[in-house]
Each structure stands twice: as C-alpha cells, then as structure tokens.
Amino acid sequence: GEDVEQSLFLSVREGDSSVINCTYTDSSSTYLYWYKQEPGAGLQLLTYIFSNMDMKQDQRLTVLLNKKDKHLSLRIADTQTGDSAIYFCAEPNTGTASKLTFGTGTRLQVTL
Amino acid sequence: EAGVAQSPRYKIIEKRQSVAFWCNPISGHATLYWYQQILGQGPKLLIQFQNNGVVDDSQLPKDRFSAERLKGVDSTLKIQPAKLEDSAVYLCASSSRASSYNEQFFGPGTRLTVL
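Respectively, the protein sequence lines represent chains A and B. Numbering-wise, our numbering comes out as the position in the first sequence, counting from 1, plus 19. Numbering-wise, our numbering comes out as the position in the second sequence, counting from 1, plus 10.
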C-alpha cells in the first residue's frame, strides 16, 4: 500500500527559511500536494505541483520535486509566526485520482 | 462562498454508545469525503461519495460505521457502537470537477472522544 513519509517536527527562527521534506510512493502521481492545518482547523490546500514540473514558486513558497527519488519538498522563505502549523504532503492513490493519501504531517514551530 | 460546515465540533461519549456527525459541503460540489484523523497522524479516507453514490468505502469499518448522502448534498457519518480507538477528529471535505487539480476543501472537523 501507499505510505507517504515526513519528519514529525521542525523548529525555525522567525525570518529564516523552513524546508519540509516528504517521500512518496507512486511514481505515476499526476499532482502532489501540500496542505496546511492550523490548530483546531481543517486542512487547507497550500500549493500543488504537476508531476512534469521540477519546481514551482508561489510568493514565499517553493516546491521542489525529484521524481527519480520520489522526494517532494516545501520551502517557506522568511518564515513568520503565522506559518506555525502542521504541513501534510499528499499524493493521489493509484488509479483513483481523487483519493488522496496523506503523510503523517510535519509540525512547524516558529520561534522569535 | 461558504465553506464546508460540520457539526457538532466536539463530542464526548462512552464506549458502546452511538454518535452521528453531519456535514454540509460547499454548494455545487459533487464529491464529498469523510476522513478520520487520529492524533499525530494524517487524515485517512473513510468514504468518498460522488453525488449520492459511494465511490470508495474500502477503509470504512462497516461493522460499526455507516454513512449516507441521500440527496447528494449533505451527509451524515454514524458510529454504532463506538470503541475507544474511534477517538479522533472526523473531517469532511468536498471537491468540484471544475478543479483540474482536484482541490479538496475541508471543514473544521468534529473531535470525538470515546471514554
């Protein structure tokens, strides 16, 4: 079965860059996603990348995709306290594009 | 645009009791999902509806969990009887075919505690 892996915790200082890593399993995934979950809230799509891209930049966010190693990363530039949350990467299940498998989530703590 | 609504936000029950959760997706979204999120884990899909039909319920414990979406709009998820291991946040999400990348919109969730 699919197993999406992430490190559990990351602590950075305000203003520094954060890099959250993810290893996924299905090399045929069309899109890969990053969702953000703030305390007491549901998940919110942060960004996504199409599988034929190596990189996608969206303001402070940079997504890097290494298909050979099945590795996905999310870089947040100039990290702010409001970025403190849990970040989940997700991939579609094989054969079912709309069904997602989520990673365990990385808790980002931003300190002053 | 109103988001995905869920109720109740919190529920505490004793094991072997029954509980029901309600979800109202974003207007016009044909696909509705129920996820279970155990503390410290990512969400796990329980059931997916397309309009009022079930697309995938392969991970739904059917001996105790049931879900319906009778009119293709709002949905209820029921647990009967509850077990201690059902303690989790139950998230509802919806999506529209208009999104080529299948963005799912999540509600705030219902936190269930089984004592």
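Note that the Cβ used here is the ideal one computed from N, Cα and C, for glycine as well. Keep in mind that this is a model prediction, so the values were computed, not measured.
Give the C-beta separation of B:I22 and B:T123 to the nearest angstrom, bearing in mind that I take them to be a contact with Cβ-Cβ under 8 Å. Within the second sequence, numbered from 1, the residue matching residue 22 of chain B stands at position 12. Within the second sequence, numbered from 1, the residue matching residue 123 of chain B stands at position 113. The Cβ separation is near 5 Å, so the contact holds.
Helix, strand or coil for B:L94? Go by DSSP, reduced to three states. For the purposes of this step, residue 94 of chain B is taken as residue 84 along the second sequence, with counting starting at 1. Helix, per DSSP.
Give the residues from the region 55–73 of chain A that approach chain B closer than 9 Å (Cβ to any Cβ), ordered along the chain. Q56, G59, A60, G61, L62, Q63, L64, Y67, F69
If you check the beta carbons only, do B:Y45 and B:L101 fall under 7 Å apart? Indexing the second sequence from 1 puts residue 45 of chain B at position 35. Indexing the second sequence from 1 puts residue 101 of chain B at position 91. A contact, by the Cβ cut-off of 7 Å.
From the DSSP output, in three-state form, read off B:D73 for me. On the second sequence, position 63 is the one that residue 73 of chain B refers to. In the structure shown, B:D73 sits in coil (DSSP, three-state: anything other than H, G, I, E or B).
When DSSP builds the beta bridges, which residues end up paired with A:E110? Numbered from its first residue, the first sequence carries residue 110 of chain A at position 91. Partner(s): A:T120.
If you draw a straight line from the alpha carbon of B:V29 to that of B:E95, how long is it in whole angstroms? On the second sequence, residue 29 of chain B is found 19 positions in, with the first residue counted as 1. On the second sequence, residue 95 of chain B is found 85 positions in, with the first residue counted as 1. Answer to the nearest angstrom: the Cα atoms are 14 Å apart.
Quick check: what's the CA-CA separation for A:T125 versus B:S106? Walking along the first sequence from the start, residue 125 of chain A turns up at place 106. Walking along the second sequence from the start, residue 106 of chain B turns up at place 96. If I take the Cα positions, the gap works out to 27 Å.
Buried or exposed (CB count within 10 angstroms, at least 16 for buried), B:I48: Within the second sequence, numbered from 1, the residue matching residue 48 of chain B stands at position 38. The residue is exposed, with fewer than 16 neighbouring Cβ atoms inside 10 Å.
Sort out for me which residues DSSP pairs A:L62 with in a bridge. Residue 62 of chain A sits at position 43 when you count from the first residue of the first sequence. Answer is A:Q56, bridged to A:L62.
How would you label B:T120, buried or exposed, when you count the other beta carbons within 10 angstroms and need 16 or more for buried? Taking the second sequence and counting its residues from 1, the one referred to as residue 120 of chain B is at position 110. Label assigned to B:T120: buried.
The ligand GDP heavy atoms versus the CB of A:T42: any closer than 6 Å? The ligand GDP is absent from the structure shown, which contains no ligands of any kind.
Residue-level contact to chain A via CB, B:N66, 7 Å cutoff: Taking the second sequence and counting its residues from 1, one reaches residue 66 of chain B at position 56. First, the amino acid is wrong: residue 66 of chain B is Asp here, not Asn. For B:D66, the answer is yes, since a Cβ of chain A falls inside 7 Å of its Cβ.
Assess, as a yes-or-no matter, whether the region 93–105 of chain A is touched by the region 36–45 of chain A under the definition of 3 or more beta carbon pairs within less than 8 Å. yes
State the Cα-Cα distance for the pair B:D1 and B:D67, rounded to the nearest angstrom. The question about residue 1 of chain B has no answer, for chain B in this structure spans 11 to 125.
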